[in-house]
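Structure first, then comments.
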Amino acid sequence: MGTGDFARRLCLTLAILQLDRLTGGNGVPDADECTEGTDDCHIDAICQNTPKSFKCICKPGYKGEGKQCEDIDECENDFYNGGCVHECINIPGNYRCMCYDGFMLAEDGHNCLDVDECLDNNGGCQQICVNTMGSYECQCKEGFFLSDNQHTCIHRSNAQCRSGQYLKEFSHIMQSKCLQV
């Protein structure tokens, strides 16, 4: 047998092996049901072509055998809560953590960090803003008290005017003084 014969036989053998691989061994080309759209996988499943068939695999965040897939509710376990520190919101195929008022979501997407409201316009407080966990409170300097709106300070006159004096309020500087009549 010459070199040319060997090369032809090798080429023929490789061609048969390739045809066998493409046809699944029976001479009939394998259909790709996934590409053709003839699979019956669920909308939330991934179609994977196999020789002479296909299989359906539910996408991450879903459970089932592939022909039927349902959302996994990562939030339903009260102990785990999706790993969220505050609130877990289930969304199709996933979940999202949210924080209570006065907190913001940390970069890890699970923990919540206190928002320091006093850093933004002194929290709206006229004089002193004190940050607390998840909130803040306004306070007033000595000689003032907090008004009903919980933000404005009103001067408290501790001075008792003597006879012949009256209390004069200086609203532009929020002070009062006893003056002679």
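Numbering (mature numbering (1 follows the signal peptide of the UniProt record, and there is no 0)), first residue to last: -25 to -1, 1 to 156.
Backbone N, C-alpha and C define an ideal beta-carbon position, used for all residues, glycine too.
Exercise. What separation, rounded to the nearest whole angstrom, lies between the Cα atoms of V105 and Q43?
Worked result: Along the sequence shown, one-based indexing puts residue 105 at 130. Along the sequence shown, one-based indexing puts residue 43 at 68. Computed Cα separation, rounded: 54 Å.
Exercise. So, is E8 buried or exposed, given that buried needs 16 or more other C-beta atoms within 10 angstroms?
Worked result: Locating residue 8 in the sequence shown gives position 33, counting from the first residue. Per the 10 Å Cβ criterion, buried.
Exercise. Residue ranges of each beta strand (DSSP E) run of no fewer than 3 residues wholly in the stretch 41 to 117, ordered along the chain?
Worked result: 44 to 46, 62 to 66, 69 to 73, 78 to 80, 87 to 89, 103 to 107, 110 to 114
Exercise. Hey, how far is the Cα of N96 from the Cα of E117?
Worked result: Sequence index remark: in the sequence shown, residue 96 carries index 121 (1-based). Sequence index remark: in the sequence shown, residue 117 carries index 142 (1-based). Cα to Cα, the separation comes out at about 21 Å.
Exercise. Where L121 and N52 are concerned, what is the direct C-alpha to C-alpha distance, given to the nearest angstrom?
Worked result: Here residue 121 is taken as the residue at index 146 of the sequence shown, counted from 1. Here residue 52 is taken as the residue at index 77 of the sequence shown, counted from 1. L121 and N52: Cα-Cα distance of roughly 44 Å.
Exercise. DSSP state of T25, grouped into three classes?
Worked result: The count along the sequence shown starts at 1 and reaches residue 25 at position 50. Three-state result, T25: strand.
Exercise. Taking buried to mean at least 16 other C-beta atoms within 10 Å of its own C-beta, is A20 buried or exposed?
Worked result: Sequence index remark: in the sequence shown, residue 20 carries index 45 (1-based). With 16 or more other Cβ atoms within 10 Å, it is buried.
Exercise. Apart from the five residues just before and just after G99, which ones in its own chain have a Cβ nearer than 7 Å to its Cβ?
Worked result: Here the question's residue 99 lines up with position 124 in the sequence shown. In the same chain as G99, and ignoring 5 residues on each side of it, the C-beta atoms closer than 7 Å to its own belong to H126, in chain order.
Exercise. Hey, how far is the Cα of L154 from the Cα of H130?
Worked result: Counting from one through the sequence shown, the residue named residue 154 turns up at place 179. Counting from one through the sequence shown, the residue named residue 130 turns up at place 155. So the two alpha carbons sit approximately 17 Å from each other.
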